[in-house]
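To start, the structure under review is shown below, and the notes come after it.
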Amino acid sequence: TTCRRHLEARHLGAYRQWCKANDVESKLPKDVKARKAQAVANAERQTTVNEHFPIKGPSERVIPYSDQLFKEASEDWLVSTDQPICAFEHPKFRNMIDIASRAPNGVKVPIPSRKATRRNIIDSFNKNLSNLRTRLNVSNFFRYYLALTICFFSRDQKSKELLVLHATVGRQVMVIPILL
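The sequence shown stops at residue 1074 when you use the numbering used here, and every number in between is there.
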């Protein structure tokens, strides 16, 4: 026990670290007393039924669908968000309602915040713009110029004078030969 008291007084941290690393129960006097006190406290504590039956929070109740309830909810949405009355007639709104109506237990997906919605719309716009540029194969830099090339051939080779018109618009080059 003298060795244990010495370890407790001088090398407590290192000993506990060694015990933890080697999965050994500490035999220091204070640790033994603490374990005994904990065992007595556990024995004196009376068990309850709550330990065997955990308490669950209230489950989310899905309100059954009715036409009247949908009508009231849609009118409340229209008034509270200050939408025009014609919003119900918009095809995209009707498409959204049709998609939501197919959900078996209601829509559980969290609706994104304003910032997330804005970011998604901007990303979608940029993606569509990029796809449009790819489909149209149009350069960002439009260079318009007209070049005239005149070629003269000697008459003894029995050639005619040739005027070549180069017109470049964007990436397309038009060559128009004109014989004189």
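Beta carbons: idealized from backbone N, C-alpha and C, even for Gly.
- Taken in chain order, no unbroken stretch of beta strand (DSSP E) lies wholly in the region 963-991 with a span of 3 residues or more.
- Secondary structure of Pro-998 (DSSP, three-state): strand.
- Pairing Arg-955 with Asp-976, the inter-Cα distance amounts to about 29 Å.
- In this structure, the alpha-carbon of Thr-942 lies about 13 Å from that of Asn-936.
- In summary, Ser-920 is buried, with 16 or more beta-carbon neighbours lying within 10 Å of its beta-carbon over all protein chains present.
- In the DSSP annotation of this structure, Val-918 is not part of any alpha helix (DSSP H), being labelled neither H nor E.
- Residue state for His-900 is assigned as helix, using DSSP reduced to three classes.
- Under the three-state reduction of DSSP output, Arg-929 falls in the helix class.
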